[in-house]
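Worksheet: the structure to be examined is printed underneath.
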Amino acid sequence: MSEQYLVKPGGRLGGRLSVPGDKSISHRALLLGALATGRSEVEGFLASEDCLATMAALRSMGVRIEREDHRVVVHGVGLHGLQAASMPLDLGNSGTAIRLLAGVLAGQRFDSELRGDASLMRRPMGRVAAPLNAMGARVETRDGCPPLTIRGGQALTGIDYTLPVASAQVKSALLLAGLYAEGVTTVRGSGTSRDHTERMLLSMGVELVVEDDGAIHLTPGTGPEAMDVRVPGDLSSAAFFLVGGCLAAEDELVIEGVGLNPTRLGVIGVLEAMGGEITVSNRHMEGREPVGDLHIRRSVLKGIEIPPEVVPLAIDEFPALFIAAAAAEGETRVTGAAELRHKESDRIATMVQGLRALGGDVEELPDGAIIRGGRRLQGGTVDSHGDHRVAMAFAMAALVADGPITIHDTDNVATSFPGFPGLARAAGLDLEVNSS
Ligand code: S3P
6 MSEQYLVKPG GRLGGRLSVP GDKSISHRAL LLGALATGRS EVEGFLASED
56 CLATMAALRS MGVRIEREDH RVVVHGVGLH GLQAASMPLD LGNSGTAIRL
106 LAGVLAGQRF DSELRGDASL MRRPMGRVAA PLNAMGARVE TRDGCPPLTI
156 RGGQALTGID YTLPVASAQV KSALLLAGLY AEGVTTVRGS GTSRDHTERM
206 LLSMGVELVV EDDGAIHLTP GTGPEAMDVR VPGDLSSAAF FLVGGCLAAE
256 DELVIEGVGL NPTRLGVIGV LEAMGGEITV SNRHMEGREP VGDLHIRRSV
306 LKGIEIPPEV VPLAIDEFPA LFIAAAAAEG ETRVTGAAEL RHKESDRIAT
356 MVQGLRALGG DVEELPDGAI IRGGRRLQGG TVDSHGDHRV AMAFAMAALV
406 ADGPITIHDT DNVATSFPGF PGLARAAGLD LEVNSS
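Per my numbering, the sequence shown starts with residue 6, numbered consecutively.
Next up, the structure:
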């Protein structure tokens, strides 16, 4: 049985809503809480399939974790308190879970095996295995993909590593392995990737320095110390409503309590450059993470050239941005975004295919796309290819389509955004969930 959405055309979005907790921060709160000694409380936790996969993996390695809805208590076992799981760890659809855990498990005394669903089993793991092995770990892939087999009992040494792609997951894996290494671990970037790991490690007392050029130096020996975390709303989930609001807000759509970490703000910058009317109120900090309320008005969007250096700052928001571009007047050009081909689906191919199915005018590039907007999208049928963000993006396309849109294979929306259909309906989308 697979689930599908039927979204009727038109409608207006309005009201005040809040989106579920940030996925990246929820994973990190569990992992770092588990490696600290003592009790860490997490509020606003994202109880999505991806984060629950991290939770299950940690529990199977002996970490006691209690959860009541969005409140989680992690009883940390300390850096050396994890125990071997009796079975391979199944991380489902989650790239963050498998890559961050690879960093942690590279430093354990025991062996581990990490795998996931069909999508995860196709995703590149050489990018994390190679630098971990350069630290002295023994991480094996199957032709560069999962399963990952990690041999424990290796002595790790800090390295100075320049990331070939701007990947927060790889960066985080190396920093986590660095907690177990002899000497300093340095990670240099090739662009700006999200920095939640660095912020949380610092809050937990780990010795970490970030230089002006982005180089990160982690010195092991202190921390992580247990700490309570309040998880803000996920800007990547809010992104669908940001785009939907620009296309069809009634008066004003407000999304409350969204994380506004500067390394995640690309989607707001791109929409603003396209003419999107977005303002922020109630700015405050939750720990080291900036948070605020987003106000979105219906806007006249125009196509733009998205600068390649912005791509890492909006890496998860391109499915939504492709929809904004299709609805905008003129041409939008995305380049320098080949990484999109290595996400939960090949997001360049799946978005191009879906937009074409709705009558959109799109040209596929090896590292992006040219989207020629200004023509109405028709109704039609789109295959999400099991990609949560592709499914949610096409749901928003119905706001500006001439006929109903059917979206196949939407079950994985629960990996990042449980409750999306209900929230979308409450905001004004005419969305029905069916099983086939
Ligand atoms: C994430 C990092 C990004 C992002 C993913 C979450 C994280 O991946 O696409 O959804 O939590 O670190 P990469 O670091 O591989 O670009």
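All C-beta atoms in this analysis are idealised placements derived from N, C-alpha and C, irrespective of residue type, glycine included.
| query | result |
| --- | --- |
| Out of D256, T337, R64, point me to the one whose CA is closest to R377's CA. | T337 |
| Pair every Cβ in the segment 323–334 with every Cβ in the segment 237–257, then say whether three or more of these pairs are closer than 8 Å. | yes |
| List the whole-angstrom C-beta distance separating V192 from L179, where the pair is believed to meet the contact cut-off of C-beta under 8 Å. | 5 Å |
| Rounded to whole angstroms, what is the Cα-Cα separation between L213 and N138? | 22 Å |
| Please give me, in chain order, every unbroken run of the alpha helix (DSSP H) with length at least 4 that falls completely inside the segment 295–376. | 323–332, 352–362 |
| For G264 and P225, which I take to be in contact (beta-carbon distance under 8 Å), what is that distance rounded to the nearest angstrom? | Not a contact, Cβ separation roughly 28 Å. |
| Between the Cα of V78 and those of R104, H85, L63, spot the shortest distance and give me the residue it belongs to. | L63 |
| Measure how close the beta-carbons of L1 and L105 come, nearest whole angstrom, since I'm counting them as under 8 Å. | Given a span of 6 to 441 for the chain in the structure shown, any question on residue 1 remains unanswerable. |
| Determine the direct distance from the alpha carbon of M209 to that of R380, and round the result to whole angstroms. | 51 Å |
| Using only the alpha-carbon positions, how far apart do T386 and S421 sit? | 23 Å |
| For S198, count neighbouring C-beta atoms within 10 Å of its own C-beta (all shown protein chains included) and say buried if the count is 16 or more, exposed if not. | buried |
| With hydrogens ignored, establish whether the beta-carbon of R120 is closer than 7 Å to any heavy atom of the ligand S3P. | no |
| Under 5 Å, CB to any heavy atom of the ligand S3P. Which residues pass, going along the chain? | S29, T101, S172, A173, Q174, I320, D321 |
| Pull up the CB-CB distance for A406 and P14, whole angstroms please, since I reckon it's below 8 Å. | 5 Å |
| Measuring only the C-alpha atoms, how far is Y10 from G112? | 43 Å |
| Hey, T415 and A396 are a contact pair by Cβ (cut 8 Å); roughly how many whole angstroms apart? | 4 Å |
| Between the segment 25–36 and the segment 51–59, are three or more C-beta pairs nearer than 8 Å? | yes |
| State the beta-bridge partners of L94 as determined by DSSP. | L119 |
| Which residue's Cα is closest to the Cα of P129: A244, L119, G149? | G149 |
| If contact is defined by three or more beta carbon pairs under 8 Å, each pair taking one atom from either stretch, is the segment 297–310 in contact with the segment 279–286? | yes |
| Exposed or buried, N439, counting other C-beta atoms within 10 Å across all chains shown (16 or more means buried)? | exposed |
| Compute the beta-carbon to beta-carbon distance between D364 and L318, rounded to the nearest angstrom, for a pair I have assumed lies under 8 Å. | Looking at the sequence shown, residue 364 is not Asp but Gly. In fact, because the Cβ distance is near 30 Å, the residues do not count as touching under 8 Å. |
| Under 8 Å by Cβ, that's how I've got G20 and A432 pegged, so tell me the actual separation to the nearest angstrom. | 6 Å |
| By DSSP, does A406 sit in helix, in strand, or in coil? | strand |
| What would DSSP say about Q113, mapped onto helix, strand or coil? | coil |
| When you compare each of G194, A231, E216 to L206 by their alpha carbons, which one comes out closest? | A231 |
| Helix or strand or just coil, what does DSSP make of G174? | Correcting the residue type first, residue 174 is Gln in the shown sequence and not Gly. Helix at Q174. |
| Between the beta-carbon of V68 and the beta-carbon of I410, is there less than 8 Å? | no |
| Using a Cβ-Cβ cutoff of less than 6 Å, which residues in the same chain neighbour V109 once the five nearest sequence positions on both sides are dropped? | L181 |
| Which complete beta strand (DSSP E) runs does the segment 120–161 hold, if anything under 3 residues is left out? | 143–147, 150–156 |
| Taking the alpha carbon of E118 as the point to measure from, which residue in G131, L153, A41 has its own alpha carbon closest? | L153 |
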